[in-house]
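Residue numbers (this note's numbering): 850 to 1033. By construction, the Cβ of each residue, glycine as well, lies at the ideal position given by its N, Cα and C atoms. Keep in mind the model is a prediction, meaning the values are calculated, not measured.
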């Protein structure tokens, strides 16, 4: 099973409430400085700086230093290959009129915060699979398999076809879910 650590690590960054909120603020108002972002989130400068560096490390934001100010912008030409489509999807999420769009984005990101769950999604992209087939192809132990399946179901990625007892992909219409599915 080939892994894509960049994608699951980016999802891990996006699954954090504070980081997601900071990214949302940067998309809505590019050029905010660390102190403005920290004050808006009600967090310390140190924590804001740390969370912003995490977003920057995944290629989602870029930093500009002007004298003593550090300003953040959505990255226009990221070095991380998966960052550009993810950032475009997040822009659509932020611009969405759906109140729950950010919560859904966080939920879908949380579902792919582990390489094994990414592998399960990759297997299910080829079509529905039964428990035993999926477990065998994913090469996981019983407890690990069910832990990951449970989390994927809770985050809205998969569902069980009750009539045939087969697992299938069932992501919603979130721009981030659509983007992540294409990247897996």
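1. Take residue 854 and list the residues in its own chain whose beta-carbon comes closer than 7 Å to its own, dropping the five residues that flank it on each side.
2. As an exercise, report each continuous alpha helix (DSSP H) stretch of at least 4 residues that is fully enclosed by the stretch 943 to 1001, in chain order.
3. Mind pulling the alpha helix (DSSP H) runs of 4 or more residues that sit fully within the stretch 874 to 940?
4. So for residue 1008, helix, strand or coil by DSSP?
5. Look up residue 861 in the DSSP assignment and say whether it is helix, strand or coil.
6. Would you say residue 856 and residue 906 are within 7 Å of each other, going by their C-beta atoms?
7. Considering only their Cβ atoms, is the gap separating residue 941 from residue 1024 smaller than 7 Å?
8. If we count Cβ pairs, one from each stretch, closer than 8 Å, do we get three or more for the stretch 975 to 990 versus the stretch 874 to 888?
9. Thinking C-alpha only, which one of 1001, 911, 1033 and 978 is nearest residue 1012?
10. Between which two residues does the alpha helix (DSSP H) harbouring residue 1024 extend?
11. Out of 993, 903, 873 and 1019, which has the shortest C-alpha to C-alpha gap to residue 944?
12. Helix or strand or just coil, what does DSSP make of residue 1014?
13. Please classify residue 896: is it buried, with 16 or more other beta-carbons within 10 angstroms of its beta-carbon, or exposed?
14. Below 7 Å CB to CB, which residues in the same chain sit around residue 864 once its five sequence neighbours on both sides are set aside?
In short:
1. For residue 854, the predicted model reports a pLDDT of 48, less than 50, meaning its position is unreliable; a value from the coordinates is still stated below. Excluding sequence positions up to five before and after residue 854, its CB lies within less than 7 Å of the CB of 964, all in the same chain and listed in chain order.
2. Qualifying alpha helix (DSSP H) stretches, in chain order: 950 to 960, 964 to 973 and 980 to 987.
3. The qualifying runs are 883 to 890 and 894 to 906.
4. Annotated three-state conformation of residue 1008 is strand, per DSSP.
5. Helix at residue 861.
6. Result no, Cβ atoms of residue 856 and residue 906 do not sit closer than 7 Å.
7. At the C-beta level, residue 1024 and residue 941 come within 7 Å of one another.
8. Segment contact: the stretch 975 to 990 against the stretch 874 to 888, fewer than three CB-CB distances shorter than 8 Å; contact not assigned.
9. Taking only the C-alpha atoms, the option nearest residue 1012 is 978.
10. Segment 1024 to 1032, the alpha helix (DSSP H) holding residue 1024.
11. By alpha-carbon distance to residue 944, the top candidate from 993, 903, 873 and 1019 is 873.
12. Coil.
13. Burial call: exposed.
14. Only residues of its own chain outside the window of five on either side were considered, and among them 955, 958, 959 and 962 have a CB closer than 7 Å to the CB of residue 864, listed in chain order.
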